[in-house]
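Participant:
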Amino acid sequence: MTQPDIDLAVLDIAGTTVDDGQQVYKVLAQTARAHGATPSDADIARWHGAAKHEALKALLTESSGVGPGPEQLATVVEDFRTRLRAAYADHPPVPLPGVVETLGRLRQAGVRVILNTGFDREIVTTLLAALGWDGDAVVDGVVCGSEVAQGRPAPYMIFRAMELAGVTARSRVLVAGDTPRDLQAGINAGAGYVVGVLSGAGTVAELGVERHTHLLGSVADVPQLIGAGSEQPVCPTAGRGVVDLPS
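Residue numbers (the working numbering): 4 to 250.
#1: On the CB-based measure, 16 or more other CB atoms within 10 Å of its CB, does residue 248 come out buried or exposed?
#2: Who pairs with residue 115 in a beta bridge, going by DSSP?
#3: Taking 8 Å as the CB-CB cut-off, is residue 47 touching chain E?
#4: For residue 201, which of helix, strand or coil comes out of DSSP?
#5: Which residue from 20, 71, 183 and 174 puts its Cα closest to that of residue 206?
#6: Just to confirm, are residue 215 and residue 228 a CB contact at a threshold of 8 Å?
#7: Shortest alpha-carbon distance to residue 16 belongs to which of 46, 73 and 103?
#8: Taking only the alpha-carbon atoms, compute the straight-line gap between residue 157 and residue 118 and give it to the nearest angstrom.
#9: Check the DSSP bridge columns for residue 130 and list the partner residues they point to.
#10: Could you spell out where the alpha helix (DSSP H) holding residue 63 opens and where it closes?
#11: What's the call for residue 179, buried or exposed, on a 16-neighbour Cβ count within 10 Å?
#12: Buried or exposed for residue 3, going by 16 or more other Cβ atoms inside 10 Å?
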């Protein structure tokens with residue numbers, strides 16, 4: 004195995020490493036509507052990849068013109084957690100194809116793997132335990148949007164992941180996700196690789212117009228991209244270009 008080009012891979016969860024059937028966005032809309040907001044599908048799409056407490060606050064503010072107070076927001080967020088737990092109980096999330104093998108291959112090559120997510124710690128702990136990903140058996144850590152000053156597109160989750168991994172060179176960091184906010188955060192962090200994956204919410208058109216270094220079919224293509232070995236085909240693009248994926 005050749006020496007990889009990176010020391011750290013910062014990967015999104017829902018839609019990037021885990022298939023949750025987009026339950027998170029369905030529940031986000033349900034919760035907002037239950038508390039008086041009237042978001043359209045386009046309104047929800049604008050918050051793909053965002054910290055969920057930030058998304059809920061914005062959706063309620065946009066609807067009423069007045070933002071929820073701290074106590075009201077805490078109630079709404081707890082309702083979101085409850086609804087999402089129920090949705091995941093009915094439709095259990097599963098790893099996306101090839102992801103578990105990819106995570107193992109990256110770590111075997113000496114790459115630290117840290118997940119970052121708009122979920123809060125309570126949801127993440129439950130989700131990872133259900134997947135068997137708790138502890139450090141599969142990944143090296145998780146950073147939540149609720150635990151930094153600002154979620155995506157701000158770069159703070161990525162910077163926190165670098166701190167946890169002991170990585171200081173931004174050029175040696177890969178950021179991958181399935182939403183425009185993932186790419187924006189990677190660019191804002193100055194990551195060496197900013198990779199959009201087409202396994203989740205984002206389309207080629209939506210991700211292609213964002214600044215990025217590569218668009219890939221899935222995270223399973225990352226090892227080959229960074230020289231850690233993979234049997235999967237890689238279809239990179241640079242800058243703002245759009246990839247033509249094989250059929």
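Backbone N, C-alpha and C define an ideal beta-carbon position, used for all residues, glycine too.
Facilitator: Working from what's here:
#1: Summary for residue 248: the model assigns pLDDT 35, below 50, so the residue's position carries little reliability; its value from the coordinates is reported in the next sentence. Exposed: under 16 other Cβ atoms inside 10 Å.
#2: 11
#3: No chain E is present in this structure, which holds just one protein chain.
#4: coil
#5: 183
#6: no
#7: 103
#8: 16 Å
#9: In DSSP, residue 130 forms no bridge with anything.
#10: 55-67
#11: buried
#12: One cannot answer for residue 3 here, as it falls past the ends of the chain, which runs 4 to 250.
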